[in-house]
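FYI, in my numbering the residues of the sequence shown are -18 to 354. Virtual Cβ for every residue (Gly too), placed ideally from N, Cα, C.
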Amino acid sequence: MKYTPRQLSYAQYLLRRMGFQTPKDIDQYLQQLLQSKGRYHFNPKAKNPFKAWQFSAKAGVDALVSEMELKKAPANIPLLRSQLSHFTATQLARYSFCPAAFSISHTFETNIETGDGPMTMGEQLHESLRLSRQKQKSGTTTDPFYRRAWQNPAIAKILRAETVYTGHGVDAHLFSNEKTGFVGSPDYIFRDREGAYFVVEEKFIQYRDPMNPSAAKLNKEEWAGTLATKNQERQQEWEKIPFYFFKNHLLQVLAYLANIGDYPLQYGYLVYWLYDFKDGEAYVHKAGVKKLSIDSKNLELYNHYLDRFQQFLQRGVEPFDVESVNVKKCAACSQSPYCMHKTKRFEEVRFPYRKEDIRLYPAEFPGSLRQQF
Ligand code: SF4
């Protein structure tokens, strides 16, 4: 999927209005936007009708138009009423992801219509794919993915362990630690067969399954009789690719380990489920697991971010390194519609986020579009 020349010209103009300064940043942002905005698509007239997630240039441009509307009238953005009395693992994780993202999400009611995006879809999928569901069916399913995933020793260990806490749902108990000022609810706490307690946090990431190529490619390979060999090659390649575990997710698990005192937690697992769609159904095609404990290296990492985070809350301001802005990350960031820091024009970030900084910049409207818009 690509932008049409008119879509591209209009999208470039919108980003200049929002404050982007260089063609390189604009280009990278738009390319990433294509990867992160999509719509669920079903074409019953297709030769091989199948429902699929399709990335969409129109969805990307629509998102920019919504953002422009929001930034035209920042005074209308509703503020969050609640004050921060405790900190949570999620807040610390978001701060380590980007201080501006933390500040925005705890200043505004960020309920902008983001469309049927991967984040939203991922959240909905939690219920059908999450570990607790897999645990229920682990003895009975014949699904080849799950049987493969369960051969991973860590996943097998989790499935065999006794569930002592599940953190989903509105009724989930919140753990608190008055000494550290922490409050939070992990996804799970289990007790393993040796009696040790451990915490688990699971994340869902939409990622194209190389074993699930487009219908056109499948047809071609079926026709040439190469489908089975190609699929085997794809699977072998796919299994070799290692996981990269994001620092903010690692910090979230460490925050649970460091602050939950109700159970003697000895270690934690961060579990990544990569999912795709086939025939309208979501399925997981790769699982990655990282084991963590509070050793000296992890404690240093945790304390480093906790100190910075607490100072930011106290002072309400910290320097913002414009050189560290990665516009590709910004294009996929859930707080991006509110954010001015992605433009690289701000050398400090404040908490609460300053409405006064949210604005549009002058930019020339492309002459080639004057007739159409
Ligand atoms: S858009 Fe970029 S700079 Fe802004 S909050 Fe998100 S990651 Fe941070």
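- [ ] State the Cα-Cα distance for the pair C314 and T210, rounded to the nearest angstrom.
- [x] Along the sequence shown, read from residue 1 onward, the residue named residue 314 stands at position 333. Along the sequence shown, read from residue 1 onward, the residue named residue 210 stands at position 229. Here the C-alpha atom of C314 lies approximately 38 angstroms from the C-alpha atom of T210.
Open item on the list: Closest to G422 by C-alpha separation, out of Y169, R141 and K138, would be which residue?
Closed with: Residue coverage of the chain in this structure runs from -18 to 354, which leaves residue 422 outside it and unanswerable.
Task: Presumed contact (8 angstroms Cβ cut-off) between V270 and I136, rounded CB distance - done: Residue mapping note: residue 270 aligns to position 289 of the sequence shown, counting from 1. Residue mapping note: residue 136 aligns to position 155 of the sequence shown, counting from 1. Contact between V270 and I136 holds, with the beta-carbon distance rounding to 6 angstroms and staying under 8 angstroms.
- [ ] Out of M(-1), R(-2), L208 and A40, state which residue places its alpha-carbon closest to the alpha-carbon of Q12.
- [x] By one-based count along the sequence shown, residue 12 stands at place 31. Measuring from the Cα of Q12, the nearest candidate turns out to be A40.
- [ ] State yes or no: is the C-beta of F293 nearer than 8 angstroms to some heavy atom of the ligand SF4?
- [x] By 1-based counting over the sequence shown, the position of residue 293 is 312. Checking every heavy atom of the ligand SF4 against the Cβ of F293, none is found closer than 8 angstroms.
Task: Proximity test, S416 beta-carbon vs the ligand SF4 heavy atom, cut-off 8 angstroms - done: Limits of the chain in this structure are -18 at one end and 354 at the other, which puts residue 416 out of reach.
Open item on the list: Taking only three categories from DSSP, how would you classify S349?
Closed with: The residue given as residue 349 occupies position 368 in the sequence shown. Of the three classes helix, strand and coil, the one that applies to S349 here is helix, per DSSP.
Open item on the list: Measuring alpha carbon to alpha carbon, tell me which residue in L14, Q(-7), L112 and D302 is nearest T144.
Closed with: For this step, residue 144 is matched to residue 163 along the sequence shown. From the listed residues L14, Q(-7), L112 and D302, the smallest Cα separation to T144 is found for L112.
- [ ] Kindly indicate which three-state DSSP category W131 falls into: helix, strand or coil?
- [x] In the sequence shown, the residue the question calls residue 131 occupies position 150. Reduced to three states, the DSSP call for W131 is coil.
- [ ] Report the rounded CA-to-CA distance for R(-3) versus N57, giving the unit in angstroms.
- [x] As a working mapping, residue -3 is identified with position 16 in the sequence shown. As a working mapping, residue 57 is identified with position 76 in the sequence shown. Going from the Cα of R(-3) to the Cα of N57 covers about 22 angstroms.
- [ ] Please name the residue in N307, Q233 and V298 whose C-alpha comes closest to that of L282.
- [x] Position 301 of the sequence shown, counting from 1, holds the residue named residue 282. With respect to the C-alpha of L282, the residue from N307, Q233 and V298 having the closest C-alpha is Q233.
TODO: Assuming Q248 and L280 form a contact by the criterion Cβ under 8 angstroms, report the distance between their Cβ atoms to the nearest whole angstrom.
DONE: Position 267 of the sequence shown holds residue 248. Position 299 of the sequence shown holds residue 280. One detail in the question is off: residue 248 reads as Tyr in this sequence, not Gln. Rounded to the nearest angstrom, the Cβ distance from Y248 to L280 is 14 angstroms, too far for a contact under 8 angstroms.
Task: Cα-Cα separation, K221 to L251 - done: Along the sequence shown, read from residue 1 onward, the residue named residue 221 stands at position 240. Along the sequence shown, read from residue 1 onward, the residue named residue 251 stands at position 270. Cα to Cα, the separation comes out at about 19 angstroms.
Open item on the list: Using only the alpha-carbon positions, how far apart do S305 and F293 sit?
Closed with: Reading the sequence shown from its first residue, position 324 is the one you call residue 305. Reading the sequence shown from its first residue, position 312 is the one you call residue 293. Roughly 18 angstroms separates the two Cα atoms.
Open item on the list: Which same chain residues end up closer than 8 angstroms to L65 when comparing Cβ atoms and leaving out the 5 residues on each side of it in sequence?
Closed with: Position 84 of the sequence shown, counting from 1, holds the residue named residue 65. Excluding sequence neighbours, L65 sits near Q72, H87 and L294.
- [ ] Would you list the one or two residues that DSSP bridges to W204?
- [x] Here the question's residue 204 lines up with position 223 in the sequence shown. By DSSP's assignment, W204 forms no beta bridge with any residue.
Task: Cβ pair F156, G242 closer than 9 angstroms - done: The count along the sequence shown starts at 1 and reaches residue 156 at position 175. The count along the sequence shown starts at 1 and reaches residue 242 at position 261. Yes, the Cβ-Cβ distance between F156 and G242 is below 9 angstroms.
Open item on the list: Rounded to whole angstroms, what is the Cα-Cα separation between W219 and P191?
Closed with: Here residue 219 refers to the residue found at position 238 when the sequence shown is read from its first residue. Here residue 191 refers to the residue found at position 210 when the sequence shown is read from its first residue. Taking the CA atoms as reference points, W219 sits about 7 angstroms from P191.
Task: For S84 and Y244, the rounded distance between their alpha carbons - done: Translated into the one-based positions of the sequence shown, residue 244 becomes position 263. Translated into the one-based positions of the sequence shown, residue 84 becomes position 103. The alpha-carbon separation between Y244 and S84 amounts to approximately 31 angstroms.
Task: Burial state of K325, where buried means 16 or more other Cβ atoms lie within 10 Å - done: Within the sequence shown, numbered from 1, the residue matching residue 325 stands at position 344. Looking at its Cβ environment, which holds 16 or more other Cβ atoms inside 10 Å, K325 is buried.
Task: Closer than 8 angstroms: A81 CB and nearest the ligand SF4 heavy atom - done: Stepping through the sequence shown from its first residue, residue 81 is reached at position 100. Yes.
Open item on the list: Along the chain, where does the alpha helix (DSSP H) containing T71 start, and where does it finish?
Closed with: Working through the sequence shown from its first residue, we reach residue 71 at position 90. From DSSP, the alpha helix (DSSP H) with T71 extends over A70 to F78.
- [ ] Could you round the C-beta distance between Y237 and V180 to whole angstroms and report it? I think they count as a contact, below 8 angstroms.
- [x] Here residue 237 refers to the residue found at position 256 of the sequence shown. Here residue 180 refers to the residue found at position 199 of the sequence shown. Right, the Cβ-Cβ distance comes to about 5 angstroms (below 8 angstroms), so this counts as a contact.
Task: Distance between K5 and G148 (C-alpha atoms, nearest Å) - done: Start at 1 with the first residue of the sequence shown, and residue 148 comes out as number 167. Start at 1 with the first residue of the sequence shown, and residue 5 comes out as number 24. Taking the straight line joining both Cα atoms gives about 43 angstroms.
Task: Beta-bridge pairing of T210 - partner residues as DSSP gives them - done: As a working note, residue 210 is residue 229 in the sequence shown. DSSP lists no partner for T210.
TODO: Just tell me which of S77, K228 and T161 has its CA closest to the CA of H67.
DONE: Indexing the sequence shown from 1 puts residue 67 at position 86. Cα-wise, what sits closest to H67 is T161.
Task: Per-residue DSSP class, three states only, for Q233 - done: The sequence position of residue 233 within the sequence shown is 252, counting from 1. Here Q233 sits in helix by DSSP.
Task: I359 - containing alpha helix (DSSP H), residue span - done: Residue 359 falls outside the range modelled here, since the chain spans only -18 to 354, and no answer is possible.
Open item on the list: Can you give me the C-alpha to C-alpha distance between P300 and F332, rounded to a whole angstrom?
Closed with: Counted from its first residue, the sequence shown places residue 300 at position 319. Counted from its first residue, the sequence shown places residue 332 at position 351. Computed Cα separation, rounded: 12 angstroms.
Task: Closer than 8 angstroms: V306 CB and nearest the ligand SF4 heavy atom - done: To locate residue 306, count along the sequence shown from 1; it is residue 325. Within the cutoff, so yes.
- [ ] Quickly, what does DSSP pair L287 with across the bridge? List them, please.
- [x] Position 306 of the sequence shown, counted from the first residue, corresponds to residue 287. In the DSSP output, where bridge partners are listed per residue, L287 has none listed.
Open item on the list: Please state whether the Cβ-Cβ distance between N229 and F78 is less than 9 angstroms.
Closed with: As a working note, residue 229 is residue 248 in the sequence shown. As a working note, residue 78 is residue 97 in the sequence shown. Taking 9 angstroms as the Cβ cut-off, N229 and F78 qualify as a contacting pair.
- [ ] Assign L60 to one of two classes, buried (16 or more other C-beta atoms within 10 Å of its C-beta) or exposed (fewer than that).
- [x] What you label residue 60 is simply residue 79 of the sequence shown in a count that begins at 1. The residue in question, L60, is exposed, as its Cβ has fewer than 16 Cβ neighbours within 10 Å.
Open item on the list: Less than 8 angstroms between C-beta atoms, sequence neighbours within five positions excluded: which residues of the same chain meet that for E90?
Closed with: Within the sequence shown, the letter at position 109 stands for residue 90. The residues are I58, P59, L60 and L61.
Task: Which listed residue (T3, T69, Y(-6) and A82) has its alpha carbon closest to that of L45 - done: Here residue 45 corresponds to residue number 64 of the sequence shown, with the count starting at 1. Of T3, T69, Y(-6) and A82, the residue nearest in Cα terms is Y(-6).
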